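Colleague:
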Amino acid sequence: MGQRTILEVMQGATVTPPPIWVMRQAGRYLPEYRETRARAKNFLDFCYTPDLAVEATLQPIRRYGFDAAILFSDILVIPDALDRDVSFVQGEGPRMRPLEGDEIEKLDSSRVLDHLAPVFETVRRLRVALPDETALLGFCGAPWTVATYMIAGHGTPDQAPSRLMLYREPARLEKLLDILAEASARYLIAQIDAGADAVKIFDSWAGVLDRVAFERCSVAPVRKIIETVKRERPGTPVIAFPKGAGWQYRDYREKTGADMIALDWTVPLDVAAQLQKEGPVQGNLDPLRVVAGRAAIKEGVDRILDALAGGPFVFNLGHGITPQADPDDMAYLVDCVRGKA
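With the UniProt record's numbering, the residue at position 69 of the sequence shown is 69, and numbering never jumps.
Below you can see the structure in the form of C-alpha cells.
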C-alpha cells in the first residue's frame, strides 16, 4: 500500500507539506462534474448509481492529486433510507416529508443498509480505482444536523423547528437522535468494511445550539457513533466537524472521542494552534478566498501554514468549496499548500 499521509496525520504525525483535500471537492465548480451530473435523472439517482458516483469522486483526484478522496454522496441518504421521501429541488435544496413527533416511534431503520447498498458498491469500486497513496474517506451527517432537515422537511436559517422540538418534546427528539446515531454508526461501519480508510461526521448545524443543547444534541449522539465505530472497527480514524461550534470546540475532541477535528473558517488560528496541541486538526481556509482569487488564496494559505503546519495537520477549507470557484484557482491553492507557488 502506498503512503496515505492523511492517515499518518490522524495518528498524530506531522507531515511536510501537509496533506490536502477539500470539502465538496467533487462539485459544481468542475465542468466534468457538471457533465456527469447531467447524466443522472436526479441528485439521489446520481448518489445511488455507482458508475456516476465513482466518476464524480475520482474527478478531483485526477485533476489535483488530492491526498484523500471522499465518497460522493449526501448526508440525507439516511432519511431517504428511512422512507422520508427525500428529493432535491433545483435551486432550492433538499425536501422531504416533515417529521411529526408522533411519527418518530414508527421509524423503521431495519432496511437502511439494504437501501444504501449502492453506496457500499461505490466505496468498493473506489478503493480499487484510487491510487494506492490516496486515502478514501467515508462520511455521514451527524444526528442533530440530519434531524433538522427531517423535522422541518427542508433547510432553515436557524433550525427553529428542531430547536422548538428540543424544548417542547425533548424525549421525542432524543429518541430521533438515538435512531439516527444507531443507523449512522452502522452506515459508517459498512463503508469501512467496503474499503473506507477513515470516516467523517458532518455536524453542519452544531452552531445554532446553546451550551446545554450542544452537549445533548451534538456531542452525545456523535459520541455514540464514534464509540460504536471504535468498538466494532478499532483502529479506524474518525474526523468530526461541528461547524460553527465556536468556543465549544475546546473540549469537543475529548467528549466525542474524535481522532481529528475539522475547523470552520471562523476559528482563530491561535485557537486552532491550541486545539492542535491535543491532537490533529483539519481546516480552515474561508471558501470565499478561493472565489476571491489568487492574492486572497496565497494570503490565507500562508497564514494557516504558519500557524498549523508544524504539528499534525490536514489542509482543507472551513466548509465546502462553492460553485463559483475557478478550477484553475483551486490548482493554485494546491500548489501553495505544497510549496510550489
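By construction, the Cβ of each residue, glycine as well, lies at the ideal position given by its N, Cα and C atoms. The structure displayed is predicted, hence computed values, not measured ones.
1. Do you know how far the Cα of Phe-72 is from the Cα of Phe-46?
2. Would you call Asp-193 buried or exposed, if buried means 16 or more other Cβ atoms sit within 10 Å of its Cβ?
3. To the nearest angstrom, how far is the alpha carbon of Asp-108 from that of Leu-180?
4. Going by the beta-carbon positions, is the gap between Gln-282 and Asn-316 smaller than 9 Å?
5. According to DSSP, is His-154 part of a helix, a strand, or is it coil?
6. Output needed for Glu-92: all residues of its chain with C-beta closer than 8 Å, excluding positions within five of it in sequence on either side, in chain order.
7. Cβ of residue 344 within 9 Å of Cβ of Ala-262?
8. Measuring straight from C-alpha to C-alpha, what distance separates Tyr-149 and Asp-178?
9. Please report the straight-line C-alpha distance between Arg-172 and Lys-230, rounded to a whole angstrom.
10. Once DSSP output is grouped into helix, strand and coil, what is the label at Val-89?
11. For Pro-312, which option in Asp-286, Pro-161 and Glu-278 has the closest C-alpha, if you only look at C-alpha atoms?
12. By DSSP's criteria, Ile-239 is part of a beta bridge. Which residues make up the other side?
13. For the alpha helix (DSSP H) holding Phe-214, just list the boundary residues, first then last.
14. On a CA-only basis, which of Val-89, Gly-65 and Arg-4 is nearest Tyr-332? Give me that one, please.
15. Thinking just about the alpha-carbon of each residue, which of Gly-300, Ile-6 and Ala-325 is nearest to the one in Asp-132?
16. Around the C-beta of Val-89, are 16 or more other C-beta atoms found within 10 angstroms, so that it is buried, or is it exposed?
17. With a 10 Å radius around its C-beta and 16 neighbouring C-beta atoms as the bar for buried, classify Ala-198 as buried or exposed.
18. If you reduce the DSSP assignment to three classes, tell me which class Phe-72 lands in.
19. Are Val-267 and Gly-246 touching if we call contact CB-CB under 9 Å?
20. Alpha carbon to alpha carbon, how far is Ala-13 from Thr-236?
Modeller: Inspection of the coordinates gives the following:
1. Straight-line measurement puts the Cα of Phe-72 at about 9 Å from the Cα of Phe-46.
2. Exposed, because fewer than 16 other Cβ atoms sit within 10 Å of the Cβ of Asp-193.
3. Pairing Asp-108 with Leu-180, the inter-Cα distance amounts to about 11 Å.
4. The answer is yes: Cβ separation under 9 Å.
5. It is a strand residue.
6. Closer than 8 Å at the Cβ level, and outside the excluded window around Glu-92, lie His-154.
7. There is no way to answer for residue 344, as the model of the chain reaches only from 1 to 341.
8. If you take the alpha carbons of Tyr-149 and Asp-178, they lie about 16 Å apart.
9. The straight-line gap from Cα to Cα measures roughly 27 Å.
10. Of the three classes helix, strand and coil, the one that applies to Val-89 here is strand, per DSSP.
11. Here the closest residue by C-alpha is Glu-278.
12. Answer is Lys-200 and Met-260, bridged to Ile-239.
13. Segment: none, Phe-214 is in no alpha helix (DSSP H) and carries neither H nor E.
14. Considering only alpha carbons, the answer is Gly-65.
15. Per the Cα distances, Ile-6.
16. Answer is exposed; the Cβ neighbour count stays below 16.
17. The residue in question, Ala-198, is buried, as its Cβ has 16 or more Cβ neighbours within 10 Å.
18. If DSSP states are grouped into helix, strand and coil, Phe-72 belongs with coil.
19. Yes; because the gap between Cβ atoms is below 9 Å, this pair is in contact.
20. Straight through space, the alpha carbons of Thr-236 and Ala-13 are spaced by roughly 16 Å.
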